[in-house]
Ligand SMILES: [Fe+2]
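Residue numbers (my numbering): 19 to 245.
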């Protein structure tokens with residue numbers, strides 16, 4: 019069994035997670051030292067702010083800059099994005115280019131405090147269109163809001179930090195128990211070692227539950243093309 023980091027900002031210059039190839043290489047080195055063998059690179063994409071063409075070009079350049087430094091022992095990387103969920107996202111014509119590793123899996127990030135039913139309608143249409151939707155850092159949202167997404171068939175990614183707090187977030191453990199959490203992520207920005215230390219700590223806390231989550235994550239990972 020390995021460790022899959024399903025949410026990481028590690029592509030140089032693709033967003034604020036890494037400003038240089040050097041930072042990305044440090045991030046990958048920290049990941050490797052903590053036993054992370056697969057990483058989903060998820061630079062932020064804000065449909066209301068970003069030009070898709072500019073974003074894709076910037077991401078492709080970042081991938082090519084990092085790819086030349088990868089070797090057999092580097093963590094494997096699948097490229098996707100963390101897409102801000104906007105009302106009307108279902109009409110965004112190039113959404114399929116933002117999925118992870120040319121699969122149908124899309125990591126979505128709802129806005130912090132707005133869960134009007136229009137967002138749920140958008141999600142329902144995206145599901146009909148065949149997207150496997152995963153809610154990024156579900157631990158950041160209210161339990162009631164997450165339940166609305168779950169009722170539409172959205173699955174959850176949890177940030178490792180949410181499993182390392184002194185006071186347990188009961189909702190998170192409830193989603194894990196119900197099998198709704200399909201992936202863990204570091205959400206690493208910059209080269210702070212804490213992100214991967216917490217991912218290891220979260221795995222230890224989860225014990226056998228981690229094996230169950232990992233099997234599901236790996237099943238999804240197997241549908242990804244890697245760089
Ligand atoms: Fe993120």
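From the three backbone atoms N, C-alpha and C, an ideal C-beta is built for every residue, glycine too.
Ends of the beta strand (DSSP E) at residue 94?
Translated into positions along the chain shown, residue 94 becomes position 76. Residue 94 -> beta strand (DSSP E) spans 94-97.
Can you name the residues that DSSP bridges to residue 48?
Position 30 of the chain shown, counted from the first residue, corresponds to residue 48. Partner(s): none; residue 48 has no beta bridge.
As a quick exercise: from 228, 125 and 71, pick the residue whose alpha carbon is nearest that of residue 111.
Along the chain shown, read from residue 1 onward, the residue named residue 111 stands at position 93. Of the listed residues, the one whose Cα sits closest to residue 111 is 71.
Per DSSP, residue 127 is paired with what?
Residue numbering aside, residue 127 sits at position 109 when the chain shown is read from its first letter. 102, per the DSSP bridge assignment.
Starting from the Cα of residue 99, find the closest Cα among 89, 157, 73 and 87 and give me that residue.
Walking along the chain shown from the start, residue 99 turns up at place 81. If we check each option's Cα against that of residue 99, 73 comes out closest.
Grouping DSSP H, G and I as helix and E and B as strand, with all else coil, what is residue 207?
Residue 207 sits at position 189 when you count from the first residue of the chain shown. Note: residue 207 maps to coil in three-state DSSP.
Looking only at C-alpha atoms, which of 147, 156 and 122 sits nearest to residue 131?
By 1-based counting over the chain shown, the position of residue 131 is 113. It is 156.
Just the C-alpha distance for residue 15 and residue 108, rounded to the nearest angstrom, thanks.
Within the shown structure, residues of the chain are numbered from 19 to 245, placing residue 15 beyond reach of any answer.
Ends of the alpha helix (DSSP H) at residue 150?
Taking the first residue of the chain shown as 1, we reach residue 150 at position 132. Unbroken run through residue 150 is the beta strand (DSSP E), 150-153; no alpha helix (DSSP H).
Can we count residue 60 as close to ligand 1, meaning its CB is less than 7 Å from some heavy atom?
Looking up residue 60 in the chain shown gives position 42. Yes, since a heavy atom of ligand 1 falls inside the 7 Å radius drawn around the Cβ of residue 60.
Let me know if residue 220 comes out buried or exposed under the rule of 16 or more other beta-carbons within 10 Å of its beta-carbon.
Taking the first residue of the chain shown as position 1, residue 220 is located at position 202. Buried.
Confirm the yes/no value for this check: CB of residue 100, any heavy atom of ligand 1, distance under 7 Å.
For this step, residue 100 is matched to residue 82 along the chain shown. At least one heavy atom of ligand 1 is nearer than 7 Å to the Cβ of residue 100, so yes.
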